[in-house]
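Working notes, beginning with the structure itself.
Number of protein chains: 2
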Amino acid sequence: MAQLFHPSREDITLAGVLSALADPMRLRIVKSLMEQKDCMSCTAAAPCPDMAKSTLSNHFRILRESGLIHTTKQGVEHRNVVREADLNARFPKLLKTILGYAE
Amino acid sequence: MAQLFHPSREDITLAGVLSALADPMRLRIVKSLMEQKDCMSCTAAAPCPDMAKSTLSNHFRILRESGLIHTTKQGVEHRNVVREADLNARFPKLLKTILGYAE
DNA sequence: TTCAATAGTTCACTAGTTCTGAACCATTGA
DNA sequence: TCAATGGTTCAGAACTAGTGAACTATTGAA
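Residue numbers (the working numbering), protein chains in the order written: chain A, 13 to 115; chain B, 13 to 115.
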């Protein structure tokens, strides 16, 4: 399995963050992760149970590559956290403002 | 020519706004319009002069249909304004926060 | 060790979107 | 009436997203 790519803090772009969050499913994933305040596996954070695994995997990849989440392998599953510190350093209040309006 | 469609204030969605602003060109268009504080024609607000007319037209349509801008026909040209009041009523501070990070 | 179960990824396909040039429409001014 | 200006629409090429099937990696049980 290929190494999971994460952009460094300074490589996180506004366009990347916005386009990652522009998808309602990904917005719900990030919201779930934020509310949990703890690492979550991909399936645990899935916005709806009937979503195809490959689709879910793709959403997590987009969130990861845009710098919104950090993923680590832990045994058989992947643990995900929102990169709050990096995002707040890069774009203060942006994440909180956007997530505040997510249903 | 078809009538220009504008969503009503309550039909402006977060996903629509975010995906409209997720494109760097559209972000620059909105930023220009905000800075101008006055109506601007489509070509005047164009982020780069070499962009195809059809592409520009499409960007303005997306901005219009997502509720970000309001367009009125005035003679031969279209005058555009950012729907600040509607956006601030719907998602307070969102626009200002996002545009603050646009280069 | 072997084998099945679990959690994700990758691949190939289909469906939809974006960018572009060409053709078009509406308004204005000569 | 006719050319110029400012946009829109259309069709095609290039790209992107969603999905099932096949795959990889880890774990736990026999």
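A virtual CB, placed ideally from N, CA and C, is assigned to each residue, including glycine.
Using a beta-carbon distance below 7 angstroms, is residue i in contact with chain A?
| i | result |
| --- | --- |
| T109 of chain B | yes |
| K43 of chain B | no |
| A34 of chain B | yes |
| L99 of chain B | no |
Report the partner residues of residue i according to the DSSP bridge assignment.
| i | result |
| --- | --- |
| Q86 of chain A | A:E89 |
| V94 of chain A | A:I81 |
| M52 of chain A | A:N92 |
Using a Cβ-Cβ distance cut-off of 7 angstroms, determine whether residue i contacts chain B.
| i | result |
| --- | --- |
| S31 of chain A | yes |
| L26 of chain A | yes |
| F3 of chain A | Because chain A in this structure spans residues 13 to 115, residue 3 of chain A falls outside the shown range and cannot be described. |
| L16 of chain A | no |
| L68 of chain A | no |
Which one of the options has the shortest CA to CA distance from residue i?
| i | options | result |
| --- | --- | --- |
| S53 of chain B | B:L68, B:A114 and B:D98 | B:L68 |
| K85 of chain B | B:C51, B:A32 and B:A57 | B:C51 |
| E89 of chain B | B:A56, B:S31 and B:A32 | B:A56 |
| V29 of chain A | A:E115, A:L99 and A:A114 | A:L99 |
| E22 of chain B | B:F103, B:Y113 and B:A64 | B:F103 |
| K108 of chain A | A:M63, A:L33 and A:N70 | A:L33 |
| G27 of chain B | B:L106, B:L111, B:P59 and B:Y113 | Here residue 27 of chain B is Ala; the residue named in the question, Gly, does not match the sequence. Residue B:L106 is the option with its Cα nearest to A27 of chain B. |
| E115 of chain B | B:I24, B:A97, B:P59 and B:S31 | B:P59 |
| T25 of chain A | A:M63, A:A101 and A:H71 | A:A101 |
message: Assess contact between the region 70-79 of chain A and the region 33-44 of chain A, defined as three or more Cβ pairs (one per stretch) separated by less than 8 angstroms. Is contact present?
response: yes
message: Would the region 90-105 of chain A count as touching the region 44-61 of chain A if we require 3 or more Cβ pairs under 8 angstroms?
response: yes
message: If contact is defined by three or more beta carbon pairs under 8 angstroms, each pair taking one atom from either stretch, is the region 14-25 of chain B in contact with the region 78-86 of chain B?
response: yes
field: Cβ-based contacts, 9 angstroms cut-off: residues of the region 74-86 of chain B near chain A
entry: none
query: Between the region 46-64 of chain A and chain B, which residues of the former have a C-beta closer than 7 angstroms to a C-beta of the latter?
result: If you check each beta-carbon in the region 46-64 of chain A against every beta-carbon of chain B, none falls closer than 7 angstroms.
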